[in-house]
Amino acid sequence: MSASRLSRRRAITLAGAGVAGVAGVAAGAGALARGGAERASADQGAAAGAVPFHGEHQAGITTPAQDRLHFVAFDVVTKDRARLVELLGEWTAAAARMTAGKDAGVIGAVGGVPEAPPDDTGEALGLPPSQLTLTVGFGPTLFRDAQGRDRFGLAGRRPAALVDLPHFAGDALRPEISGGDLCVQACANDPQVAVHAIRNLARIGMGVVSVRWSQLGFGRTSSTSTGQATPRNLFGFKDGTANLKAEDGGLLREHLWVQPGDGPDWMTGGSYLVTRKIRMIVETWDRSSLVEQEQIVGRTKGSGAPLGKGDEFDEPDFAAKGDDGQPVIAATSHVRLAHPDANDGARLLRRGYNFVDGSDGLGRLDAGLFFIAYQRDPRKQFVPIQTRLARNDAMNEYLRHVSSGIFACPPGVRDGGDHWGRALFG
Amino acid sequence: MRTTRFLVLAAAGALATTGLAACGGQEKDAGTADGGPIAVKASDTACEVGRTELAAGQTVFEVTNSGAKVTEFYVYAAGDRVMGEVENIAPGLKRELRVELPAGTYETACKPGMSGKGIRGALKVSGTAATVAPDAALAEATASYQRYVASQTAALLTKTEEFVAAVKAGDVAKAKALYPVARTYWERIEPVAESFGDLDPKIDGREEVVEEGMEFTGFHRIEKDLWTTGDISADGPIADQLLTDVKAIVAKANAEKLTPLQLANGAKALLDEVASGKITGEEERYSHTDLWDFNANLEGSKAAIAALRPALEQRAPELVTQLDAEFANVETALGKHRDGDGWKLHTALSKAELKELSDSINALAEPISKVAAVVAR
Ligand code: HEM
Chain D
1 MSASRLSRRR AITLAGAGVA GVAGVAAGAG ALARGGAERA SADQGAAAGA
51 VPFHGEHQAG ITTPAQDRLH FVAFDVVTKD RARLVELLGE WTAAAARMTA
101 GKDAGVIGAV GGVPEAPPDD TGEALGLPPS QLTLTVGFGP TLFRDAQGRD
151 RFGLAGRRPA ALVDLPHFAG DALRPEISGG DLCVQACAND PQVAVHAIRN
201 LARIGMGVVS VRWSQLGFGR TSSTSTGQAT PRNLFGFKDG TANLKAEDGG
251 LLREHLWVQP GDGPDWMTGG SYLVTRKIRM IVETWDRSSL VEQEQIVGRT
301 KGSGAPLGKG DEFDEPDFAA KGDDGQPVIA ATSHVRLAHP DANDGARLLR
351 RGYNFVDGSD GLGRLDAGLF FIAYQRDPRK QFVPIQTRLA RNDAMNEYLR
401 HVSSGIFACP PGVRDGGDHW GRALFG
Chain A
1 MRTTRFLVLA AAGALATTGL AACGGQEKDA GTADGGPIAV KASDTACEVG
51 RTELAAGQTV FEVTNSGAKV TEFYVYAAGD RVMGEVENIA PGLKRELRVE
101 LPAGTYETAC KPGMSGKGIR GALKVSGTAA TVAPDAALAE ATASYQRYVA
151 SQTAALLTKT EEFVAAVKAG DVAKAKALYP VARTYWERIE PVAESFGDLD
201 PKIDGREEVV EEGMEFTGFH RIEKDLWTTG DISADGPIAD QLLTDVKAIV
251 AKANAEKLTP LQLANGAKAL LDEVASGKIT GEEERYSHTD LWDFNANLEG
301 SKAAIAALRP ALEQRAPELV TQLDAEFANV ETALGKHRDG DGWKLHTALS
351 KAELKELSDS INALAEPISK VAAVVAR
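Heads up: the protein sequence lines correspond to chains D and A, in order.
Position one of the first sequence corresponds to residue 1 (UniProt numbering), numbered consecutively onward.
Position one of the second sequence corresponds to residue 1 (UniProt numbering), numbered consecutively onward.
What follows is the structure, given as structure tokens:
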């Protein structure tokens, strides 16, 4: 404690902040990275480095999927539109700092007066940026709440693509962990960095927003770049093989980013996010035979190749029949039903995470996949795909969808003068 | 009851008692600046104050309770800063409040049933009183909060006596009714009480904090017996011990002089009490009277902030505005759960209702956590 305060003091002196009290401290501390940021690339490689916060699109979508997730949905509790906009500005500033590996506030975790609570909670001191990305989204209830009220004069700006998701067959959704007026997806390669970011945003938001639900994910279940190895989900299968990837150029314009003319201008360059917390009944899955598991997925468990093919990235052949005259890739297999061929060409950028929330009191792991998908228009992508999966996917026997969310994620924050929601509230 | 003690009070050299003590008592001789005492006729529905325009200086109010409910009488400055108060005026009783009022506008309030905002009236004081200098404003904060502690501890003692008597008489119904009332006065000044390390767990310790070799005593022990078995026949010695401990803590609390910084931290600590123990229903796990404690913690926090108000208004007026708004917000949220003169049981609230309360407390506690640094500068 005394050591860190000492080094902070020294740092302030070096940065040239003099005796001017809080303001001086702020200027000094604000200019400093949290520590470790400079060393990051040399010591720990790119996984520890920083992802640029500003840009045309929000980071955290095509950014190569980081290992850890903390996702949070908020309800807005204030009625005061100006306070909400002010918060979005404060959040943006804090997000820009934290993604660069700095403290959440300008004073910092240890730089302030001893009587004041620090404006950063401190658990990320000394940790590198860890490729933290913070991605914001706006839920349908921000535009018109459950009682039909237009609290912030935004009803007219709701994009038609931001639909209320229909009830899908088998849905067992818990309202208290579904939906939300706002969401923030924090992804990082260090879980402490992701949790730190959400915790500080929640704290800054007190009185304006309230945490509705939040979810931790401990391992990515998708790759979003051809440079990444395909990870595995908790069914033990490679996940992300046929995903949309950052390198897909034209496909991203077609399937991921909202294009001019799609809807209201404030969403151009943004993307729609659907989250589904999907509980996996791993105990019964683990008792099913390898051949059943592979038939359900439509790919082999080892290499991840489509059934009947040899390499992970081979195209599946849905027409192929086995000696018994049955399709090699079963009619009820997940990849057949989810494949663009079955869905008018529709594709998703999947970015989910494995979760284990302890156990459920019945001796079973409370485990599953926190499904995250980005897309240009959920009406043409997630909704038809999930409708098909919910009806026919053989995997459903081992799945329960327990939470659901849909959010409009605006385009990127351009520069220091821009902030989250500026165009929406503008 | 918390395990960390934020208030490290210097036990020595704290004997300055204010000459402005409320709760009618020793100094019968002093008159009112503007003539004789002002009669206040308090009933369950009215609060008639004899004169409402006075001259600056010392004023004596004589409050007579003709109602059927126990009442309280307050003189408030802006932001409900308590200038003086008398607690626990039983039906038929007459109590005295002496208070020094500089020129300004105030409000009087009777609180039949000891709850709510009370029956308010305007009070105007004129004359020459210099505006308070910044440091004097802080010094006044200490004195003002001492008046509050004095009034609360007096009522705590009386109500604990009544509670103890009911327990010893084996009157379960009466003891149950008095339990949350006595605890109200405790909860309002909890941070002060908690600073006396060894006494706090004896008076307010919950079962799980009782360590090896220590007996489970105090309010919560009796609470458990009252609400689980209903058998308090063996609780006489525990009740006696409770009263002894409360007497000891009252004496100590009145001998303490809290610094403005301790007040600021105390205001925050009270809300932390709410956020950690009352929202969850942990504090009153048998009686489920957590909302009584919630309200008392809130009032206590507000009283501490009110004592600091003149200093805060000079140093951080925007913070004062924010605190006023957030206090009002919590009061509205909590007010929905009133039940007569008391409060609904914790178990009667839905999860969504508890979340609303939790959000409003967090919204208030964040700006309150900034007060200490303002006071310290
Ligand atoms: C816990 C639930 C789920 C599991 C375990 C799971 C697993 C898999 C696996 C192993 C693959 C093959 C590898 C790959 O191409 O990534 C896959 C592909 C896919 N999944 Fe899922 N998935 C789940 C839920 C969903 C949901 C809810 C959707 C969308 C509504 C979805 C859409 C897709 C799509 C579009 C593909 C690619 C199909 C292709 O083009 O070949 N999945 N999934």
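Ideal Cβ placement from N, Cα and C applies to all residues, glycine included.
Keep in mind the model is a prediction, meaning the values are calculated, not measured.
Nearer than 8 angstroms: is that true of the beta carbon of residue i relative to any heavy atom of the ligand HEM?
| i | result |
| --- | --- |
| D:Arg276 | yes |
| D:Lys238 | yes |
| D:Gln215 | no |
| D:Gly298 | yes |
| D:Ser288 | no |
| D:Ala373 | yes |
| D:Thr241 | yes |
| D:Ser178 | no |
| A:Ile279 | no |
| D:Ile385 | yes |
Quick check: is the beta carbon of residue i nearer than 9 angstroms to any beta carbon in chain D?
| i | result |
| --- | --- |
| A:Val375 | yes |
| A:Ala10 | Note on A:Ala10: pLDDT 30, under 50, position unreliable in the model; the coordinate value appears next. Not closer than 9 angstroms to any Cβ of chain D, the Cβ of A:Ala10 fails to qualify, so no. |
| A:Ala372 | yes |
| A:Lys355 | yes |
| A:Ser369 | yes |
| A:Lys351 | yes |
| A:Leu261 | yes |
| A:Glu318 | no |
Say whether chain A places a C-beta atom closer than 9 angstroms to the C-beta of residue i.
| i | result |
| --- | --- |
| D:Gly105 | no |
| D:Glu176 | yes |
Output, in chain order, the set of chain D residues within a Cβ distance shorter than 7 angstroms of residue i.
| i | result |
| --- | --- |
| A:Asp359 | Val77, Ser210 |
| A:Glu326 | Gly207 |
Would you mind telling me which residues of chain D sit closer than 8 angstroms to residue i, beta carbon to beta carbon, in chain order?
| i | result |
| --- | --- |
| A:Asn362 | Met206, Gly207, Ser210 |
Considering only residues of the same chain and omitting the five flanking positions on each side of residue i, which have a CB-CB separation below 7 angstroms?
| i | result |
| --- | --- |
| D:Ala160 | Gly263 |
| D:Glu283 | Arg364 |
| D:Leu256 | Leu244, Ser271, Leu349, Tyr374, Gln375, Arg376 |
| D:Asp393 | Thr332, His334, Leu337 |
| A:Leu199 | Asp245, Ala248, Ile249 |
| A:Thr184 | Trp292, Ala296 |
| A:Ala193 | Trp186, Asp200, Ile249, Ala253 |
List the residues of chain B that residue i touches, going by C-beta distances under 8 angstroms, in chain order.
| i | result |
| --- | --- |
| A:Glu366 | In the structure shown, chain B does not exist; the protein chains are D and A. |
Can you tell me whether residue i is helix, strand or coil according to DSSP?
| i | result |
| --- | --- |
| A:Trp343 | strand |
| D:Pro327 | strand |
| A:Thr64 | strand |
| A:Gln58 | strand |
| D:Asp265 | helix |
| D:Arg220 | strand |
| D:Gln259 | coil |
| A:Ile361 | helix |
| A:Val125 | strand |
| A:Thr52 | coil |
| D:Asp75 | strand |
| D:Asp366 | strand |
| A:Gly266 | helix |
| D:Gln192 | helix |
| D:Asp171 | coil |
| A:Glu256 | coil |
| A:Ala316 | coil |
| A:Arg81 | strand |
| D:Asn396 | helix |
| A:Met214 | coil |
Name the chain A residues whose beta carbon is nearer than 7 angstroms to that of residue i?
| i | result |
| --- | --- |
| D:Pro117 | Ser369 |
Leaving out the 5 sequence neighbours to the left and right, which residues in its chain are closer than 8 angstroms to residue i when beta-carbon positions are compared?
| i | result |
| --- | --- |
| D:Arg157 | Phe143, Pro264, Trp266, Leu424 |
| D:Trp285 | Phe235, Gln293, Tyr398 |
So with CB distances below 8 angstroms, who are the chain A contacts of residue i?
| i | result |
| --- | --- |
| D:Val113 | Ala373, Ala376, Arg377 |
Can you list, in chain order, the residues of its chain with a C-beta nearer than 6 angstroms to that of residue i? Leave out the 5 residues immediately preceding and following it.
| i | result |
| --- | --- |
| D:Asp120 | Asp103, Ala104, Gly105, Gly108, Ala109 |
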